[in-house]
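Asks: What the sequence shown shows, in this note's numbering, is residues 7 to 253, in sequence order.
Next up is a structure, given as structure tokens.
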Amino acid sequence: MIRVAAVGDIHMGLDSQGALRPSFETLPQCADVLLLAGDLTRHGTTEEARVVAREIKDLAVPVVAVLGNHDHHDDRPEEVTTILRDAGAQVLEGQATVVTAGGARIGVAGTKGFGGGFVGRCAGEFGEPVMKEFVRYSRRCADGLLEALKELDGQDCDVRIALTHFSPVADTLAGEPAEIYPFLGSYLLAEAIDTAGADLAVHGHAHAGTEHGMTTGGVRVRNVAQPVIGQAFHVYHLAGRERVPSS
């Protein structure tokens with residue numbers, strides 16, 4: 007059984023140092039990997055990123071992350087990414103990685119994602135240039151996730167996980183005002199997940215949402231925003247594929 011710890015929306019500031027480290031240090035006892043689903047900082051400053059970096063540095067399990075909208079607010083996402091990578095995290099944007107734990111190969115494909123809404127109530131690529139760019143940006147994020155998941159084909163993964171900040175489904179937004187659903191996620195992410203295939207999809211962003219959801223293709227979706235899960239992280243158990251012992 008593969009154990010996946012995940013949390014998003016930890017929103018760390020300069021007064022947050024040490025808040026999560028004691029819990030993160032227990033990860034080797036209960037998890038094989040830690041996924042961070044964006045909004046790791048409050049305003050995306052490099053100072054806040056260094057707070058997060060100290061929380062995750064030298065953990066005894068691999069750390070894989072995507073950025074969230076808050077991590078872009080100070081217009082320094084590349085610097086935030088560098089700080090987190092220097093601390094040992096693998097930060098993905100339209101990319102995939104494979105981490106190993108206990109002989110299992112865990113494939114993770116990640117993107118921040120973006121908004122746009124869901125089937126029947128979604129933004130269209132029509133009209134003013136700024137509106138078309140809104141939808142095109144969301145599509146580019148989803149296309150990046152699709153290609154990243156496809157990268158995991160042939161890499162002998164026991165499980166494949168889609169990691170995003172914005173939600174791929176409306177299910178996990180239940181509890182949020184319906185008026186803001188288009189700003190919380192996009193069906194294009196779910197289309198990418200269903201097209202390429204995954205065993206689990208993890209996201210954050212929807213603080214007042216619901217933990218459990220599913221894509222139309224049957225992929226389990228989990229909203230791990232910290233206000234939703236109510237703890238430092240939640241652990242999900244995935245059955246890896248059965249391997250035939252070598253003779």
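Note that beta-carbon positions come from the ideal geometry of N, C-alpha and C, so glycine has one too.
Taking the alpha-carbon positions, what's the I167 to D77 distance?
Replies: Against the sequence shown, residue 167 aligns to sequence position 161. Against the sequence shown, residue 77 aligns to sequence position 71. Cα to Cα, the separation comes out at about 22 Å.
Asks: Considering only residues of the segment 89-129, which uninterrupted beta strand (DSSP E) runs meet the minimum length of 3 residues and lie entirely inside it, listed in chain order?
Replies: You should have 101-107, 110-117.
Asks: Does at least one heavy atom of the ligand HEM sit under 7 Å from the Cβ of G130?
Replies: With respect to small molecules bound, the structure shown includes none, and the ligand HEM cannot be examined in it.
Asks: For Q161, is the classification buried or exposed, using 16 other Cβ atoms within 10 angstroms of its Cβ as the cut-off for buried?
Replies: Walking along the sequence shown from the start, residue 161 turns up at place 155. Classification of Q161: exposed, given that the 10 Å Cβ count is below 16.
Asks: For a test of the three-state rule: what should DSSP assign to M18, helix, strand or coil?
Replies: Residue numbering aside, residue 18 sits at position 12 when the sequence shown is read from its first letter. M18: strand per DSSP, three-state reduction.
Asks: Using 8 Å for Cβ pairs, my map puts G74 next to G210. What's the rounded Cβ distance?
Replies: Looking up residue 74 in the sequence shown gives position 68. Looking up residue 210 in the sequence shown gives position 204. Contact flag correct, Cβ pair sits at about 6 Å.
Asks: Is it a yes or a no for the segment 219-233 touching the segment 197-207, going by three-plus beta-carbon pairs under 8 Å?
Replies: In short, these stretches touch, since the Cβ pair count reaches three.
Asks: Going by other Cβ atoms of all chains shown within 10 Å of its Cβ, with 16 needed for buried, is V97 buried or exposed?
Replies: Within the sequence shown, residue 97 is the residue found at index 91, counting from 1. Flag for V97 reads buried.
Asks: In whole angstroms, what separates the C-alpha of Q23 from that of P183?
Replies: Walking along the sequence shown from the start, residue 23 turns up at place 17. Walking along the sequence shown from the start, residue 183 turns up at place 177. Q23 and P183: Cα-Cα distance of roughly 32 Å.
Asks: Which residues bound the alpha helix (DSSP H) around L195?
Replies: On the sequence shown, residue 195 is found 189 positions in, with the first residue counted as 1. Here the alpha helix (DSSP H) through L195 covers 193-202.
Asks: Between G123, A198, V175, A180, which has its C-alpha nearest G150's C-alpha?
Replies: The residue labelled residue 150 in the question sits at position 144 within the sequence shown. For the residues G123, A198, V175, A180, the minimum Cα distance to G150 belongs to A198.
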